[in-house]
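In the UniProt record's numbering, the protein residues as written are 1 to 191.
All residues carry an ideal CB built from backbone N, CA and C; glycine is no exception.
As structure tokens, the structure follows; a few thoughts come after it.
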């Protein structure tokens with residue numbers, strides 16, 4: 001029992017570090033935000049070990065970004081900055097781990113060797129994680145970056161965050177689908 005916990009913690013640490021590193025392999029958008037591979041290790045852990053492991057991996061990615069100073073914060077007071085960092089980094093990456101909700105569908109499809117259903121489960125999982133991350137960033141944009149909005153702050157934040165979150169979703173869905181379908185053992189925690 002103890003060895004299984006240690007293995008799980010090591011996997012979370014490895015995939016969290018990998019997510020942090022993959023966030024540097026990014027295309028920076030002209031208006032801000034970036035398209036990177038950061039979500040792939042989080043989704044992999046969510047499908048490999050379940051929702052809790054995926055959420056912990058996402059929290060670790062966000063925490064690594066915070067402690068290394070690779071974050072962007074609002075020019076407001078310290079209290080606002082702390083709340084913004086919690087929402088924009090810890091919560092935003094943590095909710096990506098909820099992609100693991102589709103884990104049982106994926107495993108059932110993999111057992112039946114039904115590639116189409118496997119890919120559907122993967123894409124739906126990535127979509128769930130992406131939409132939740134997007135909503136978190138939109139809320140953060142409204143609360144902390146509304147001063148930069150021209151016109152309606154909700155529309156501004158939704159449009160701004162969509163410019164990079166839609167490509168992030170598409171990239172993560174494509175890479176995870178190709179990776180998991182080609183190597184289903186990656187998701188098998190017993191392998």
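In the three-state reduction of the DSSP assignment, residue 27 falls in the strand class. Unbroken alpha helix (DSSP H) runs of no fewer than 4 residues, entirely contained in the stretch 81 to 116, are found at 103 to 111, following chain order. The beta-bridge partner set that DSSP reports for residue 35 consists of 27.
The residues 57, 60 and 61, in chain order, have a CB closer than 6 angstroms to that of residue 16 in the same chain once the five nearest residues on each side in sequence are set aside. If you compare the alpha carbons of 51, 2 and 178 with that of residue 99, the shortest gap goes to 51. Shown here for residue 179: same chain residues with a beta carbon closer than 7 angstroms to its own, the five before and five after excluded, namely 186 in chain order.
For the options 27, 40, 39 and 48, the alpha carbon positioned closest to that of residue 7 is the one of 48. Per DSSP, residue 55 is one residue of the alpha helix (DSSP H) stretching across 51 to 68. When Cβ pairs closer than 8 angstroms are counted between the two stretches, the stretch 84 to 92 is seen to touch the stretch 132 to 149, the count reaching three or more.
Looking at the backbone, the Cα of residue 9 and that of residue 190 are separated by about 15 angstroms.
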